[in-house]
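Protein chains in written order, with the numbering used here: chain X, 722 to 943; chain L, 18 to 251.
No residue lacks a Cβ here, since even glycine has one placed at the ideal position from N, Cα and C.
Please read these numbers as outputs of a predicted model, since none were measured by experiment.
The next block holds one structure in the form of structure tokens; read it before the comments.
Below, the structure written as structure tokens:
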């Protein structure tokens, strides 16, 4: 009579313990996959908030720049008018020019500042450098956040989630094979057990590999 | 005298293992299919999320660009309108001076000419600020006296139009991936029915019933496969 060996006699207990372990690992993997997915969604949301804030700053910069440009234009035109008034042959017209230069132009210059007052914004042809003014406005903004940083992080997390899902699926498949080994007849159960164990080990290695690779990639990118 | 009563013994039909291997193979196939579909569903869902985010980001950028182009166009056409007004004022005052000269009123003609020169000075100063006159793409060429305002409008809105086109593409991509993700969920739900049928097939003792459940389950798998293939190629 053939006596069952140590493994065969304890197969069901060993397999049950392994099933419990695989279940826990699968649950952990699914939890981790969801956490990564949630972090990716959070990073995307943060990126959108940053984009809205930045766009609001940029809109305000453009509004202000064109408002100043409008005042600066009015000042430049009025200055040309005053020059023409002062060049006139009629004394009354010249007096008008002198008074406008003395009382009106300074106020118009203040309205158009800093374009009209700061020489760094004045072009050689008498116009104003709006791009330079916009650049200065942007640099004055102490709270600029580049949304692309959050989007890059979100993309990386989404990619990690995608690979972790495959790990979770491998673990679920191994759980299925081990469960099959538990209920199958003696001839098949060893093969099913070996397949289940092999897929489980591949799943665990996959999970750890994905975690390590993305950790290193993100640390390298930071 | 005792009478021995014989109780009839019901002979239980021995449980048959017939078709059990087939059920196992079908269950394994269903599991693999479910695993592949779950991966495809997760991928489609992630792609939908990214496309959705991109479409929202591009919508923010498009609204900002529209705001900017509106301000630019408003500024340019204000300067342009002001230039035309000053130019016409100068011309009218010069004509007035001519009329006054013809009437012999030289003092009035001189005053009108000076006013015309002032209006012309304003126009000359203003023209420098107008991209419609300084940018060679729009400045009047040859015998034209009016700038190419149509080209200016096209150019000033070009960036916003480009962003809107990208936003539409991203929104379409979101719809497409979201539909795919939903279809994969449908296929997975159908597969759950197949799992249930194969589970029943494993549990029943009657071989013919087992085969019947296996056949139903196979039809369900085929339907799920059809949904999946249509989703992949869509």
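{"query": "Contact set for residue 743 (chain X): own chain, Cβ-Cβ below 7 angstroms, skip 5 residues either direction", "result": "892, 895, 896, 899 and 921"}
{"query": "Among X:822, X:937, X:910 and X:847, nearest to residue 877 (chain X) - alpha-carbon criterion", "result": "X:937"}
{"query": "Nearest-angstrom beta carbon gap, residue 250 (chain L) and residue 50 (chain L) [assumed within contact, 8 angstroms]", "result": "That pair is no contact at about 17 angstroms."}
{"query": "Secondary structure of residue 139 (chain L), DSSP reduced to three states", "result": "helix"}
{"query": "Pair within 9 angstroms by beta-carbon distance, residue 930 (chain X) and residue 750 (chain X)", "result": "no"}
{"query": "For residue 860 (chain X) and residue 788 (chain X), the rounded distance between their alpha carbons", "result": "19 angstroms"}
{"query": "Cβ-based burial, residue 47 (chain L) [other Cβ within 10 Å; buried from 16]", "result": "buried"}
{"query": "Whole-angstrom distance between residue 928 (chain X) and residue 38 (chain L), CA atom to CA atom", "result": "32 angstroms"}
{"query": "Residue burial classification, residue 213 (chain L) (beta-carbon count within 10 angstroms, cutoff 16)", "result": "exposed"}
{"query": "Sequence-distant residues of its chain with Cβ nearer than 7 angstroms to residue 775 (chain X) (five each side left out)", "result": "865, 866 and 868"}
{"query": "Nearest neighbour of residue 842 (chain X), chosen from X:779, X:769 and X:793 [CA to CA]", "result": "X:793"}
{"query": "Cβ distance (whole Å) where residue 902 (chain X) is taken to contact residue 917 (chain X) below 8 angstroms", "result": "6 angstroms"}
{"query": "For residue 115 (chain L), the nearest candidate out of L:210, L:128 and L:104 (CA to CA)", "result": "L:128"}
{"query": "Inter-stretch contact (C-beta, 8 angstroms, three-pair minimum) for the segment 148-156 of chain L and the segment 801-817 of chain X", "result": "no"}
{"query": "Cβ contact check for the segment 191-206 of chain L and the segment 225-245 of chain L: 3 or more pairs under 8 angstroms", "result": "yes"}
{"query": "Buried or exposed by the 16-neighbour rule on C-beta atoms within 10 Å, applied to residue 103 (chain L)", "result": "buried"}
{"query": "Of the listed residues X:919, X:904 and X:939, nearest to residue 737 (chain X) (C-alpha basis)", "result": "X:904"}
{"query": "Cβ contact check for the segment 194-203 of chain L and the segment 53-73 of chain L: 3 or more pairs under 8 angstroms", "result": "yes"}
{"query": "Residue-chain proximity (residue 190 (chain L), chain X), Cβ-Cβ < 9 angstroms", "result": "no"}
{"query": "Neighbourhood of residue 97 (chain L) by C-beta distance below 6 angstroms, restricted to the same chain and skipping five residues each side", "result": "147 and 149"}
{"query": "Same chain, Cβ closer than 6 angstroms to residue 139 (chain L), five either side skipped, listed in chain order", "result": "103"}
{"query": "Backbone CA spacing between residue 848 (chain X) and residue 69 (chain L) [nearest angstrom]", "result": "43 angstroms"}
{"query": "Extent of the continuous alpha helix (DSSP H) to which residue 858 (chain X) belongs", "result": "851-861"}
{"query": "Neighbourhood of residue 782 (chain X) by C-beta distance below 7 angstroms, restricted to the same chain and skipping five residues each side", "result": "855, 858 and 859"}
{"query": "Residue 883 (chain X), DSSP secondary structure in three states", "result": "helix"}
{"query": "Element boundaries [alpha helix (DSSP H), containing residue 828 (chain X)]", "result": "826-832"}
{"query": "Contacts of residue 135 (chain L) in chain X (Cβ-Cβ under 7 angstroms)", "result": "802, 805 and 806"}
{"query": "Chain-ordered chain L contacts of residue 848 (chain X) [CB-CB under 9 angstroms]", "result": "145, 146 and 151"}
{"query": "Under 9 angstroms by beta carbon: chain L residues contacting residue 876 (chain X)", "result": "67"}
{"query": "In DSSP terms, what residue 843 (chain X) is bridged to", "result": "X:849"}
{"query": "Three or more C-beta pairs below 8 angstroms linking the segment 169-185 of chain L and the segment 86-94 of chain L", "result": "yes"}
{"query": "Which of helix, strand or coil DSSP assigns to residue 163 (chain L)", "result": "coil"}
{"query": "Proximal residues to residue 764 (chain X) (C-beta, below 7 angstroms), its chain only, five neighbours per side dropped", "result": "871, 874, 875 and 878"}
{"query": "Under 7 angstroms (Cβ pairs) to chain L, residues found in the segment 770-792 of chain X", "result": "772, 773, 776, 779, 780, 783, 784, 787, 790 and 791"}
{"query": "Reduced DSSP category for residue 91 (chain L) - H, G, I as helix; E, B as strand; rest coil", "result": "helix"}
{"query": "Coil, strand or helix - residue 228 (chain L) by DSSP", "result": "helix"}
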